[in-house]
Amino acid sequence: MKQVALAALISIGAAAPAIGASYDDLNAGIQLYNLGDWNAAVLKLDQALAANDLVPSLNFVAHFDRGQAHRNLSHYDQAIADFSASLELRPVDPLALSARSLAYFGTGKLDQAASDLDALIAIRPMLTGAYGLRAAVNAKRGRAGESVKDLKMVLSLQPKNAGYGLETGILAWEVGEIDDAQDNFSSVVSKGPGNIYAWLWDALARTRLTKEIRRGSLPKFDKDKWPAPIVALYLGESTQDAVFAAAAQGETQAIPGQSCEANFYVGEWLLQHQDRTGAAPLIRKAAAQCPTGFVEWNPAQLELANLP
Amino acid sequence: MTKKTTWVCFAAGLFLAVMPAHAQEQPPDCKLRIIATLDMQTLPDGRVTIPGQIEGHDYRLMVDTGGYINTVSQRVVKQESYRPRRSQGTTLRGMGTTLLEDYVTVSDFALGRLHGKDFVFFVDDFDSLGEDGTLAPQILGAYDVDLDFAHGKLNLIYPEHCPGRVVYWTQTQATVVPIEIEGKTHIRIPVTVDGKEINAMVDTGALTSFVTMRAASSHLGIDEKNPALKSRGSIPVNGMSAPVFNYPFQTLSFGGVTVNHPRVEIVSDNVWDDKNDLLLGIGILRQLHLYIAYKEKKMYITPALAN
Chain V
1 MKQVALAALI SIGAAAPAIG ASYDDLNAGI QLYNLGDWNA AVLKLDQALA ANDLVPSLNF
61 VAHFDRGQAH RNLSHYDQAI ADFSASLELR PVDPLALSAR SLAYFGTGKL DQAASDLDAL
121 IAIRPMLTGA YGLRAAVNAK RGRAGESVKD LKMVLSLQPK NAGYGLETGI LAWEVGEIDD
181 AQDNFSSVVS KGPGNIYAWL WDALARTRLT KEIRRGSLPK FDKDKWPAPI VALYLGESTQ
241 DAVFAAAAQG ETQAIPGQSC EANFYVGEWL LQHQDRTGAA PLIRKAAAQC PTGFVEWNPA
301 QLELANLP
Chain F
1001 MTKKTTWVCF AAGLFLAVMP AHAQEQPPDC KLRIIATLDM QTLPDGRVTI PGQIEGHDYR
1061 LMVDTGGYIN TVSQRVVKQE SYRPRRSQGT TLRGMGTTLL EDYVTVSDFA LGRLHGKDFV
1121 FFVDDFDSLG EDGTLAPQIL GAYDVDLDFA HGKLNLIYPE HCPGRVVYWT QTQATVVPIE
1181 IEGKTHIRIP VTVDGKEINA MVDTGALTSF VTMRAASSHL GIDEKNPALK SRGSIPVNGM
1241 SAPVFNYPFQ TLSFGGVTVN HPRVEIVSDN VWDDKNDLLL GIGILRQLHL YIAYKEKKMY
1301 ITPALAN
């Protein structure tokens, strides 16, 4: 091919700054990020950023991906620093705002998380996940009213044809729409085996609505495994002590989750039976100890506002 | 990447702006004439977006050279108060295995200062904070498309240029490869992998570069019993969960331009209809500077950092 010097004819060609190996390091870092190899991604992106010669749009993604890698490694402070660097380049970027709010939430910096989520919602007013996270942040801050308001927004943003689901039912429960919640739980239970948690929620909702708990609707589940002891309690076949004893058994990794669920479901059971004094310490434990990824986490935070 | 099941061309006029009459002719001085220079943003996974305006509002559209048709997200549909219509006889597959059945007509679509009317965009249900839709060759193919990944720029250039005289960004030798345009949209080019020839689809919308086991066997001499294959288990590729293997490829060459240690995965045959080709995703393409001359049916390639 004949080479023709056309650089002078296209201004962008002449204006483009020179960049070095940092671009190759960035590409390698992105590939490692895509593979979930967080430590290796951080190393490559460190190299990509060290020369400080990437164009701003690539600098943004280098910081963003390194921030995500740090967050996945639970290096929250480094993640926040990287997301902040991304936001200096694009102050209202929804990806960076969302990621930084999660990192702030992970470190318990709830005011900063809320501030980022406010900014995110201002530019993405129909972003369901942002309302969901802000609801969690506000629940943790003890602002139950604001949390419920956001949860109502999450419900209203769901597609009209979304159908019934456990999470929708829990949202309805949290905002006090117990009839809708129970419709959702009941529907999920009827869809087949394996929905034992939906049955537990259905039992709670039925108790609150003073409806009978339906033993016949129990889906197939393993009666020798967790959360069978909670089912037995709800059916009147066991005791609280038996639930807590069972929660402390099993694989080491599973015990914190079982303990969270024992506190939450026994606490809620007592609440629905008007034993607020008995319920309070259990719900407090659930709110403090449940992992944030558990569906019981947010309801436990909100329930705190109603406790003596 | 978008996968077709049946295809009906929806768009009547593919050009965004009414080109001036002289734009249809080669300029006497062989100057390239840029229509739009757009800032490319790189998504966290390496794919790229460019700014576009829909009904006067700013959005980010992912550049998808492997797409069949332009798409918008549900967010755009809600924000612009569109009422999607069900397509008649046209069913497309979007990212993953989503069926694309509904479409909207964008009455004012703009890229830079170019405006076009009544463009069809299919509605995809993806939900991304980084992109609001995809831009396929349905629009891109009307121009020369200059992808400068390293400097974050995408240029749309009038296609009527002097033959072969496009490589403005470097004095070093560029590779020129002939391109086949499949199904009016997809770019197919010859490449060499570890010394063996195979055709490749150029797909900036695909995250992963891959080749099916059948094509690997017939074109590259790698079969299922090859001891260098390393199973990655069953992971999502092209929206389907399928067995995936790594293989230590050494080089992937486009004429004189070579990518070392290219990451090309080997997947089961059911992942992709085009069992005989290799799919070049963004991970490899980002390492290049690509000038796609759709009308001239050539692609000009240099390393991304050539200047």
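Quick note, the sequences are listed as chains V and F, same order. Note that the first sequence covers residues 1 to 308 in my numbering. Note that the second sequence covers residues 1001 to 1307 in my numbering. C-beta: ideal position from N, C-alpha, C; glycine also. Since we're looking at a predicted model, the values are computed, not measured.
- When the alpha-carbon of residue 26/V is set against those of 1272/F, 1149/F, 1268/F and 1298/F, the nearest one is in 1149/F.
- Spatial neighbours of residue 1250/F in its own chain (CB-CB distance under 6 Å, excluding positions within 5 residues in sequence) are listed in chain order as 1194.
- Within chain F, the residues 1044 have their CB atoms less than 8 Å from the CB of residue 65/V, given in chain order.
- In this structure, residue 203/V places its C-beta atom within 8 Å of the C-beta atom of residue 213/V.
- Against chain F, the beta carbon of residue 31/V has neighbours under 7 Å at 1263 and 1283, listed in chain order.
- DSSP, read as helix, strand or coil, puts residue 1240/F in strand.
- Among the CB atoms of chain V, one or more fall inside 8 Å of the CB of residue 1286/F.
- Residue contact check for residue 1304/F against chain V: a CB pair falls below 8 Å.
- For residue 1219/F, the enclosing alpha helix (DSSP H) has its first and last residue at 1213–1220.
- For residue 214/V, there is no enclosing beta strand (DSSP E), as DSSP gives it neither H nor E.
- Per the DSSP secondary-structure output, residue 1105/F pairs in a beta bridge with 1120/F.
- Contact between residue 1175/F and residue 1256/F holds, since their C-beta atoms are separated by about 5 Å, short of 8 Å.
- For residue 265/V, the three-state secondary structure derived from DSSP is helix.
- When the five nearest sequence neighbours on each side are left out, no beta carbon in the same chain lies closer than 6 Å to the beta carbon of residue 183/V.
- Annotation: the continuous beta strand (DSSP E) that includes residue 1302/F extends over 1298–1303.
- Neighbours of residue 1041/F across chain V, judged by C-beta separation under 7 Å: 57.
- Using beta-carbon distances, residue 1256/F does not count as an interface residue toward chain V, since no partner is under 8 Å.
- Short of 8 Å from the beta carbon of residue 156/V, and not among the five residues preceding or following it, lies no beta carbon of its own chain.
- DSSP, read as helix, strand or coil, puts residue 1031/F in coil.
- Below 8 Å, enough C-beta pairs join the region 1190–1207 of chain F and the region 1047–1064 of chain F to call them touching: three or more.
- Around residue 1078/F, the beta-carbon contacts reaching into chain V at under 7 Å are 126.
- Considering only beta carbons, the part of the region 97–118 of chain V lying closer than 8 Å to chain F consists of 98, in chain order.
- One thing to note: residue 1291/F has its Cβ within 8 Å of the Cβ of residue 1144/F.
- Close to residue 306/V, with beta-carbon spacing below 7 Å, lies no residue of chain F; the smallest spacing is near 33 Å.
- For residue 1075/F, the neighbours in chain V by C-beta distance under 9 Å run, in chain order, 124, 126 and 127.
- For residue 42/V, the three-state secondary structure derived from DSSP is helix.
- At the C-beta level, residue 305/V and residue 142/V come within 8 Å of one another.
- Contact fails between the region 1118–1125 of chain F and the region 1150–1164 of chain F, because fewer than three Cβ pairs, one in each stretch, are under 8 Å apart.
- For residue 167/V, the enclosing alpha helix (DSSP H) has its first and last residue at 166–174.
- Note on residue 279/V: 16 or more other CB atoms within 10 angstroms of its CB, so buried under the neighbour-count rule.
- For the pair residue 257/V and residue 286/V, the Cα-to-Cα distance works out to about 10 Å.
- Fully contained in the region 79–147 of chain V are the following alpha helix (DSSP H) runs of length 4 or more, in chain order: 94–107, 110–123 and 128–140.
- In the DSSP assignment, residue 1053/F falls within the beta strand (DSSP E) that extends over 1048–1054.
- Taken in chain order, the members of the region 1128–1148 of chain F whose beta-carbon sits within less than 8 Å of a beta-carbon on chain V are 1129, 1130 and 1148.
- When the Cα atoms are used, residue 128/V and residue 1128/F turn out to be separated by approximately 12 Å.
- In this structure, DSSP gives residue 259/V a helical state, which the three-state scheme calls helix.
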